[in-house]
Amino acid sequence: MKIVYIVGARPQLVKHALLSKELGKYHKNILIHTGQHYDYNMNKVFFEELGLSDPDYNLGVGSGTHGYQTGEMLKRIEDILIIEKPDMVIIYGDTNSTLAGALCAAKLHIILGHVEAGVRNYDKTIPEEINRITADHCSDYLFCPTNTAVKNLRKEGIKKGVYLTGDVMVDTLKLFKKYADQTKIIEDLRLNHKDYILLTIHRAGNTDNVENLVRIAQAIEFIHKAGETIVFPAHPRTLKALKNQGLSETISKSTVLLEPQGYFEFINLLNNAKKVITDSGGVQKEAYILKVPCITLLDNTSWIETVDDGWNILAGTDVKKIVEAALNFRNHNTYSNIFGEGACKRIANVLRSI
Ligand code: UD1
Ligand code: UDP
2 MKIVYIVGAR PQLVKHALLS KELGKYHKNI LIHTGQHYDY NMNKVFFEEL GLSDPDYNLG
62 VGSGTHGYQT GEMLKRIEDI LIIEKPDMVI IYGDTNSTLA GALCAAKLHI ILGHVEAGVR
122 NYDKTIPEEI NRITADHCSD YLFCPTNTAV KNLRKEGIKK GVYLTGDVMV DTLKLFKKYA
182 DQTKIIEDLR LNHKDYILLT IHRAGNTDNV ENLVRIAQAI EFIHKAGETI VFPAHPRTLK
242 ALKNQGLSET ISKSTVLLEP QGYFEFINLL NNAKKVITDS GGVQKEAYIL KVPCITLLDN
302 TSWIETVDDG WNILAGTDVK KIVEAALNFR NHNTYSNIFG EGACKRIANV LRSI
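Rendered as structure tokens:
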């Protein structure tokens, strides 16, 4: 088959890395990059570290409002799909690049596969929730990372084409962990093993909502004053928001403030951290896989199993809850291997049977 893959944001490169290699053994791969993320350390560094081939098409859409960004992607992806006439389109996760890819493929009647299907947090104020619901309802093949995802789809009446494959991010992490271990980031920053907290923030609800951003900054300041070292590779969106709200100084005094990190450096930072504070979906999963207790800056999560299993706690933007969890949260002794293993091979097997 000729398969067109659509990526655009940092986590999609992590998801695409091994799946494209596995499927490339049997199919012709064509990669479209929407250009949603474009800074070197939000994009190119992942191609270099994960050994990805350059995109066949780079659409250069860049940043903008949801309507602008998705609209430009729609126009440009459609043009390419009409020329390439693929047998299948594969999309990942829940970004605007996912949504645009889903709509284009569905309208052109091209078979659509969604990797990370069925994920929900049942909050439609979150842009990603709209994107994943739409993507799932457009898809012919729905590759679910967890059992909960399969059940979520069933509740929406989607039963055909649903496969429980496990999460492709496990494959990437397992293969590349040895390279992550070899990076010198821990030594370079003079950090000690399990002696610091890693922090990431980028969700719209936390960066664009001033009250939430102020509360998170306050909590970080308290945790720092309680004697903790906090390492913060900041997403460009968050840096801009902190600057706009006059919070840059508070954050740079309270944390070891870094540029966004490459995948290897970030995984090494995560693996050596005693805890992580995050609002990232991918980081919640990777923390679970690496057995690092996670404090989530959201009121709900699409990875609820990590909470049920005792490795993740939802603190939202409540200052007290965040500080209390940062200082005292301990994981349970349970570990249910929620995200499985071998997702890329399972997806490849499904596609070989088409
Ligand atoms: C997007 C996804 C989100 C995903 C995240 C992964 C949507 C709606 N959101 O959020 O689901 O979790 O990617 O990181 O698709 N910017 C730069 N340089 C870049 C990229 C972005 O400076 O290379 C800045 C721009 O100011 C931009 C802002 O970050 O406006 C937000 O970028 P955008 O891609 O719209 O959303 P993310 O917050 O990255
Ligand atoms: N990541 C990274 N460098 C960083 C922060 C995150 O390589 O500085 C990786 C992380 O390991 C995970 C992915 O980026 O694989 C998560 O992306 P992000 O948090 O931006 O988005 P989300 O998963 O919330 O969609």
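In case it helps, this note's numbering puts the sequence shown at residues 2 to 355.
Think of the CB as a built atom: it goes at the ideal place given N, C-alpha and C, for glycine as much as any other residue.
- With fewer than 16 other CB atoms across the displayed protein chains lying within 10 angstroms of its CB, Tyr123 is exposed.
- In terms of side-chain proximity, the C-beta atom of Val284 is found nearer than 6 Å to a non-hydrogen atom of the ligand UDP.
- Contact between His34 and Leu75 does not hold, since the beta-carbon distance rounds to 15 Å and is not under 8 Å.
- Proximity of the segment 200 to 212 to the segment 164 to 173 falls short of the contact definition, fewer than three beta-carbon pairs being nearer than 8 Å.
- Between Val293 and Ile224, the C-beta gap is not smaller than 7 Å, which leaves the two residues out of contact.
- As computed with DSSP, Phe144 is found in a beta bridge with Val116 and Tyr164.
- Ser337 and Ala150 have their C-alpha atoms roughly 16 Å apart.
- As for any alpha helix (DSSP H) of minimum length 4 sitting wholly inside the segment 250 to 326, the runs are 264 to 273, 282 to 290 and 305 to 309, ordered along the chain.
- For Met74, the enclosing alpha helix (DSSP H) stretches over residues His67 to Glu85.
- For Tyr27, the CB contacts under 7 Å within the same chain, skipping 5 residues up- and downstream, are Ala349 and Arg353 in chain order.
- Under the three-state reduction of DSSP, Lys45 is assigned to helix.
- The three-state secondary structure of Ile31, taken from DSSP, is strand.
- Bridge pairing for Pro234: Leu259 [DSSP].
- Closest by C-alpha distance to Gly94, out of Gly114, Tyr180 and Ile84, is Gly114.
- Annotation: Met170 is outside any beta strand (DSSP E); the continuous alpha helix (DSSP H) that includes it extends over Val169 to Gln183.
- For Ala218 and Ser281, the gap between their C-alpha atoms comes out near 17 Å.
- For Asn193, no pairing in a beta bridge is given by DSSP.
- Per DSSP, reduced to three states, the secondary structure at Thr126 is coil, with no helix or strand assignment.
- Sixteen is the threshold: when 16 or more other Cβ atoms of the shown chains lie within 10 Å of the Cβ of Asn269, as they do, the residue is buried.
- In the DSSP assignment, Ile198 falls within the unbroken beta strand (DSSP E) covering Ile198 to Thr201.
- Of the residues Cys295, Val284, Leu259 and Ala106, the one whose Cα lies closest to the Cα of Lys275 is Cys295.
- For the ligand UDP, a non-hydrogen atom lies closer than 6 Å to the CB of Gln262.
- According to the DSSP assignment, Lys16 belongs to the alpha helix (DSSP H) that extends over Arg11 to Leu24.
- If the five residues before and after Pro12 are omitted, its C-beta is found closer than 7 Å to the C-beta atoms of Gly94 and Gly283, all from its own chain and listed in chain order.
- DSSP places Val211 within a helical segment (H, G or I) once states are collapsed to three.
- Judged by beta-carbon spacing, Asn132 lies within the 7 Å limit of Leu100, meaning their Cβ atoms are closer than that value.
- Not one heavy atom of the ligand UD1 lies closer than 6 Å to the C-beta of His115.
- Per DSSP, the continuous beta strand (DSSP E) segment holding Val8 begins and ends at Lys3 to Val8.
- Around Val15, the same chain offers Phe47, Leu51, Met170, Thr173, Tyr264 and Gly283 as residues with beta carbons nearer than 8 Å, after the five sequence neighbours per side are excluded.
- Inter-residue distance for Val308 and Glu287 is about 14 Å (C-alpha atoms, whole angstroms).
- When secondary structure is reduced to three states using DSSP, Val62 falls in the coil class, being assigned neither helix nor strand.
- Looking only at Glu23, Asp319, Gln246 and Glu266, the smallest Cα-Cα distance to Asp189 is reached by Glu266.
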